[in-house]
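Residue numbers (the working numbering), protein chains in the order written: chain Y, 7 to 596; chain S, 32 to 300. All C-beta atoms, glycine included, are put in the ideal place defined by N, C-alpha and C. Down below is the structure, laid out as structure tokens.
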Amino acid sequence: MSVTMVIRNGYVFDPLNEIDGEIKDIFIKDGKIVEDLTGAGLRDAKIIDAKGKTVMPGGVDSHSHVAGAKVNTGRMMCPEDRYKWVTKKSDLTHSGSGNTVPSVYVQGYDYARMGYTTVFEAAIPPMEARHTHEEMRSTPILDMGGYLVLGNNWFIMRHLKAGNIEKAAAYVAWMMRTHKAYGIKCVNPAGVENWGWGKNVSSLDEPNIHFGISSRDIIHGLAEINEMLGMPMSLHLHANNLGHPGCWEIARDSLDVTRDVKVECNMDVEWQKTKIDPRRTQSIYLAHAQFNSFGGTSWGDFASGAKGIVDYVNKSDHVVIDNGAVPFGPATVMTGDGPAIHHLYKLTGNKWSNKDIELECGSGILTFNYLKANPVHSVEWAIGLELLLLVNDPWKTILTTDHPNGGPFTKYPQLITWIMSKKAREATFAECHRWAQDRSSLGGIDREMTLYEIAILTRASPARTVGIAHRKGHLGAGADGDVTIYDFDPTKFDVNDYTKITRGFQNAAYTIKDGGVVAQNGEIMSVPHGRTFFSEPHMDDEIEKEMLKDVKEWFKYYTLGFANYPVPDKYIRNPSPVQVNKPLEAVVGR
Amino acid sequence: MSEVILRPKGSIDIMVEAEVINPDIFAGKTTSEIEQLIVWQGSKQLPLSEFFDVEGSAGSTAADTKIIVKGDVPRVKHIGHGMKAGEIVIEGSSGMHVGSEMIGGSILVKGNAGSWAGMEMKGGTLHIVGNAGDHVGCAYRGSWRGMNGGKILIDGNARSQLGGGMSGGEIHVGGSVENFAGIRMNSGLIVVKGDAIRAVGAQMSGGLFVVGGKIRQLSPGFEYAGTEKNPKVGETVISGEFMKFAGDYALSKTPKGILYASKEANEEV
Numbered sequence: 007m008s009v010t011m012v013i014r015n016g017y018v019f020d021p022l023n024e025i026d027g028e029i030k031d032i033f034i035k036d037g038k039i040v041e042d043l044t045g046a047g048l049r050d051a052k053i054i055d056a057k058g059k060t061v062m063p064g065g066v067d068s069h070s071h072v073a074g075a076k077v078n079t080g081r082m083m084c085p086e087d088r089y090k091w092v093t094k095k096s097d098l099t100h101s102g103s104g105n106t107v108p109s110v111y112v113q114g115y116d117y118a119r120m121g122y123t124t125v126f127e128a129a130i131p132p133m134e135a136r137h138t139h140e141e142m143r144s145t146p147i148l149d150m151g152g153y154l155v156l157g158n159n160w161f162i163m164r165h166l167k168a169g170n171i172e173k174a175a176a177y178v179a180w181m182m183r184t185h186k187a188y189g190i191k192c193v194n195p196a197g198v199e200n201w202g203w204g205k206n207v208s209s210l211d212e213p214n215i216h217f218g219i220s221s222r223d224i225i226h227g228l229a230e231i232n233e234m235l236g237m238p239m240s241l242h243l244h245a246n247n248l249g250h251p252g253c254w255e256i257a258r259d260s261l262d263v264t265r266d267v268k269v270e271c272n273m274d275v276e277w278q279k280t281k282i283d284p285r286r287t288q289s290i291y292l293a294h295a296q297f298n299s300f301g302g303t304s305w306g307d308f309a310s311g312a313k314g315i316v317d318y319v320n321k322s323d324h325v326v327i328d329n330g331a332v333p334f335g336p337a338t339v340m341t342g343d344g345p346a347i348h349h350l351y352k353l354t355g356n357k358w359s360n361k362d363i364e365l366e367c368g369s370g371i372l373t374f375n376y377l378k379a380n381p382v383h384s385v386e387w388a389i390g391l392e393l394l395l396l397v398n399d400p401w402k403t404i405l406t407t408d409h410p411n412g413g414p415f416t417k418y419p420q421l422i423t424w425i426m427s428k429k430a431r432e433a434t435f436a437e438c439h440r441w442a443q444d445r446s447s448l449g450g451i452d453r454e455m456t457l458y459e460i461a462i463l464t465r466a467s468p469a470r471t472v473g474i475a476h477r478k479g480h481l482g483a484g485a486d487g488d489v490t491i492y493d494f495d496p497t498k499f500d501v502n503d504y505t506k507i508t509r510g511f512q513n514a515a516y517t518i519k520d521g522g523v524v525a526q527n528g529e530i531m532s533v534p535h536g537r538t539f540f541s542e543p544h545m546d547d548e549i550e551k552e553m554l555k556d557v558k559e560w561f562k563y564y565t566l567g568f569a570n571y572p573v574p575d576k577y578i579r580n581p582s583p584v585q586v587n588k589p590l591e592a593v594v595g596r
Numbered sequence: 032m033s034e035v036i037l038r039p040k041g042s043i044d045i046m047v048e049a050e051v052i053n054p055d056i057f058a059g060k061t062t063s064e065i066e067q068l069i070v071w072q073g074s075k076q077l078p079l080s081e082f083f084d085v086e087g088s089a090g091s092t093a094a095d096t097k098i099i100v101k102g103d104v105p106r107v108k109h110i111g112h113g114m115k116a117g118e119i120v121i122e123g124s125s126g127m128h129v130g131s132e133m134i135g136g137s138i139l140v141k142g143n144a145g146s147w148a149g150m151e152m153k154g155g156t157l158h159i160v161g162n163a164g165d166h167v168g169c170a171y172r173g174s175w176r177g178m179n180g181g182k183i184l185i186d187g188n189a190r191s192q193l194g195g196g197m198s199g200g201e202i203h204v205g206g207s208v209e210n211f212a213g214i215r216m217n218s219g220l221i222v223v224k225g226d227a228i229r230a231v232g233a234q235m236s237g238g239l240f241v242v243g244g245k246i247r248q249l250s251p252g253f254e255y256a257g258t259e260k261n262p263k264v265g266e267t268v269i270s271g272e273f274m275k276f277a278g279d280y281a282l283s284k285t286p287k288g289i290l291y292a293s294k295e296a297n298e299e300v
């Protein structure tokens, strides 16, 4: 790795520092961005000429299913997703295979080629945390972290039902440290527990089986715990009723649950002085909003429900969404929401897998193919784009495909093209079912996003939302030396030449990670090992002791021994823990 | 039409992956260029001339190119894989995957063909004079999207899972088949002149399946729908008296698959 680097004369897009296409030099020293280089540092620096090119911070993906048991089951159950997509080994890179669910090596290379350097795994079932870390450790190049699935956890449901939020918070803090997880994920709260009995919930206020707790109570409780601890990221929600016509209403109401929760980020990190405050402002981050923006009442009168979600997001400051777009083509749907996947299985008859994770959560997997000729799929395509184009403030949105649910992450360049070019959208309208036009507002939207806005949606916004903007998602001094150079001259950028946009975002001219070139024009140049980010929240000792006594007692219901539960240190190659709530603040009685 | 003759050199131990034996790839190439085309054998990449003597030269286009393989090549896989035009004649038996994913042109195998012949084929004609292995015209493992166009003719017998996941095109078998022929087919036509063992058309949701001989064990999800004399199947009329079945009700409540079975050969059904 070169010790120092200068990226000369590029057009820089750095939204957290409000730099919109200025010609600027970027300096990197010891893997970090610095203000300037002088003397020997400058003399020995590797110079990259970015004249006539676009320079952005390294891409950050805040929601992608790339590691762990369900991802791997998705690989195993789909040989047809592998044999036509094989990657040969080279002197530098590992062989691999897969289209919608690539093997870990290919995932790392493909993200790096597109200019991404940081990716967060969207769901870690606690019992499968070891497996998840094994795959994250084997993923080349990328810095990673993952969110722990806690929305149907027996301990949390019990403590919240009993009104003992301190105990629940102590449990969350201990679980984060135990499994080396980064944030709190909540999937179909109260519903996944019911799925153990073949049922689901369909409203926010119905008590679930046995625990008698409602989705509203779980969402509010976890959001409160999140802020009591001061976690880097807000609660990350996969709302109820996902994938059913009319589900936008419950999604909107779920977002409203955390409106009164005060945002309190209490991480022991060195914040950089960026122009825009790098601290998150949201108390809830809604995952793959597209799947929760279905309108209509049945598949017959199915329509986009994006407007309901967008109106709410536009008038609220405590919400961020990622869109979870559908770019058409093969996908593998995988989620902790077992009943949602079973519903899709009944609709399609495709290959299906389901799993119950003991006292914690569950999951479902199904092969899927989004077709342009299919009316519902065409509307889903439109919804995914509406969600980005209709929210006025791009800082409230993040671009994803909920990989591999809407489609693989390798389709991001196509997705960027649609939101940058009306002409590209019109070309797709001409190919897909007319419901896309008739049952969404996408056809009437003229907005074409700029490179600056793309840098928000793919860098600054995800970084700020997950609380990593102290080091990712911007190019100010002190940030990690992660830089992407795209071969676009912004002064000659033509949104109507849309195939060129897709090509340009597919293969970055340079992807630089920690000051070293990892990919250049589609070729992998070096394969460093990424870091693993995780949160280490701290809680009052007494409460923790009491909480642990209860956990040990209940461990008799686990098939796993208590000693084998935690993820050992050796599972992490480059640990990058974030101390949370330290020094300990009085959380009791807050 | 220009001809390229490939003469196998002795026997092959580890199977060779030779999707380069394809008129699209040969077109416009000289003899020596064809000799230098790369094939995989295990983990090694070797020139085609390692396994074949090459004579003649290709036409300027694929349509103008005929490849003749003089002899048996049961350990050479993927001949004509994905070919779009032109002609291949194998004057002996071929290995696995002959004509898999082919789009156009024609392949004639004068001997037997290995498994996966015409896998996920989209167009063209594949004629096997001898017997064929398993998975003819079938979807690859894990997938239910099999051949969707073109025509496969087998004069002899085929083994199991013929036309699995078929969604278009035609397969005609002169002899008999074994298990799971037409499993999961949703469109297209399969005609088997001889017998079938069991699970014919299992989980079919559409398409047409004709068995001229005996079905040893009919799937339980098929419902008897009367007897027909000389039924018309696509363009052609099949002579004889046939029992007509609709199915497979094991898969859905409204399947559109039709299965004809010879009345004479299946009297006890």
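Can you pull the chain S residues whose beta carbon is under 7 Å from the beta carbon of residue i, in chain order?
{"i": "Tyr89 of chain Y", "result": "Tyr171"}
On a Cα-Cα basis, can you pick out the residue from the options that is closest to residue i?
{"i": "Glu86 of chain Y", "options": "S:Gly196, S:Val70, S:Ala58", "result": "S:Gly196"}
{"i": "Lys224 of chain S", "options": "S:Phe57, S:Lys153, S:Gly278, S:Ala296", "result": "S:Ala296"}
{"i": "Gln192 of chain S", "options": "S:Gly237, S:Ala227, S:Gly219, S:Ser131", "result": "S:Ala227"}
{"i": "Lys281 of chain Y", "options": "Y:Val12, Y:Asp20, Y:Gly567, Y:Leu554", "result": "Y:Asp20"}
{"i": "Gln76 of chain S", "options": "S:Ala93, S:Ser91, S:Val51", "result": "S:Val51"}
{"i": "Val167 of chain S", "options": "S:Ser80, S:Tyr255, S:Gly145", "result": "S:Gly145"}
{"i": "Ala514 of chain Y", "options": "Y:Asp493, Y:Ser144, Y:Pro132", "result": "Y:Asp493"}
{"i": "Ala175 of chain Y", "options": "Y:Gln585, Y:Met553, Y:Asn570, Y:Pro574", "result": "Y:Met553"}
{"i": "Asp452 of chain Y", "options": "Y:Lys429, Y:Thr434, Y:His439", "result": "Y:Lys429"}
{"i": "Glu134 of chain Y", "options": "Y:Asp362, Y:Leu448, Y:Ile147, Y:Ser384", "result": "Y:Asp362"}
{"i": "Val198 of chain Y", "options": "Y:Cys367, Y:Ala337, Y:Met181, Y:Ile327", "result": "Y:Cys367"}
{"i": "Thr423 of chain Y", "options": "Y:Val155, Y:Thr456, Y:Gly330", "result": "Y:Thr456"}
{"i": "Leu372 of chain Y", "options": "Y:Leu154, Y:Ser359, Y:Gly528, Y:Asn329", "result": "Y:Ser359"}
CB residue i to CB residue j, shorter than 8 Å?
{"i": "Ser541 of chain Y", "j": "Tyr111 of chain Y", "result": "no"}
{"i": "Gly479 of chain Y", "j": "Pro63 of chain Y", "result": "yes"}
{"i": "Phe1 of chain Y", "j": "Gly302 of chain Y", "result": "Any answer about residue 1 of chain Y is impossible in this case: the structure gives chain Y only from 7 up to 596."}
{"i": "Ala75 of chain Y", "j": "His137 of chain Y", "result": "yes"}
{"i": "Glu259 of chain S", "j": "Lys245 of chain S", "result": "no"}
{"i": "Lys59 of chain Y", "j": "Ala128 of chain Y", "result": "no"}
{"i": "Gly65 of chain Y", "j": "Arg465 of chain Y", "result": "yes"}
{"i": "His409 of chain Y", "j": "Ser109 of chain Y", "result": "no"}
{"i": "Gly412 of chain Y", "j": "His349 of chain Y", "result": "no"}
{"i": "Ile147 of chain Y", "j": "Leu156 of chain Y", "result": "no"}
Using a Cβ-Cβ cutoff of less than 6 Å, which residues in the same chain neighbour residue i once the five nearest sequence positions on both sides are dropped?
{"i": "Gly484 of chain Y", "result": "Gln278"}
{"i": "Gly37 of chain Y", "result": "Gly487, Asp520, Gly521"}
{"i": "Ala230 of chain S", "result": "Asn210, Phe211, Ser250"}
{"i": "Ser532 of chain Y", "result": "Gly522, Val524"}
{"i": "Gln585 of chain Y", "result": "Asp274, Glu542"}
{"i": "Arg183 of chain Y", "result": "Glu542"}
{"i": "Ala73 of chain Y", "result": "Glu127, Thr138, Glu141, Met142"}
Tell me which residues share the same chain as residue i and place their Cβ nearer than 7 Å to its Cβ, disregarding the 5 neighbours each side in the sequence.
{"i": "Thr93 of chain Y", "result": "Ser101, Gly102, Ser103, Val112"}
{"i": "Leu463 of chain Y", "result": "Leu394, Pro400, Thr403, Ile404, Leu405"}
{"i": "Glu233 of chain Y", "result": "Val267, Lys268, Val269, Glu270, Ser289"}
{"i": "Trp305 of chain Y", "result": "Pro251, Val382"}
{"i": "Asn179 of chain S", "result": "Lys153, Ser198, Gly199, Gly200"}
{"i": "Leu290 of chain S", "result": "Val231, Gly232, Phe240, Phe253, Phe276, Gly278"}
I want to check one thing, is the minimum distance from the CB of residue i to the heavy atoms of the ligand FMN below 7 Å?
{"i": "Ala461 of chain Y", "result": "Among the ligands in the structure shown, none appear at all, so the ligand FMN cannot be discussed."}
In chain C, which residues lie with their C-beta within 7 Å of the C-beta of residue i?
{"i": "Ser174 of chain S", "result": "In summary, chain C is missing from the structure at hand, where the protein chains are Y and S."}
CB-CB under 8 Å to residue i, same chain, minus the five flanking residues each way: which ones, in chain order?
{"i": "Val594 of chain Y", "result": "With a pLDDT of only 47 at Val594 of chain Y, under 50, the local geometry of the prediction cannot be trusted, and the value read off the model is given with reservation. The residues are Glu172, Asp546, Ile549."}
{"i": "Glu276 of chain Y", "result": "His476, Gly484"}
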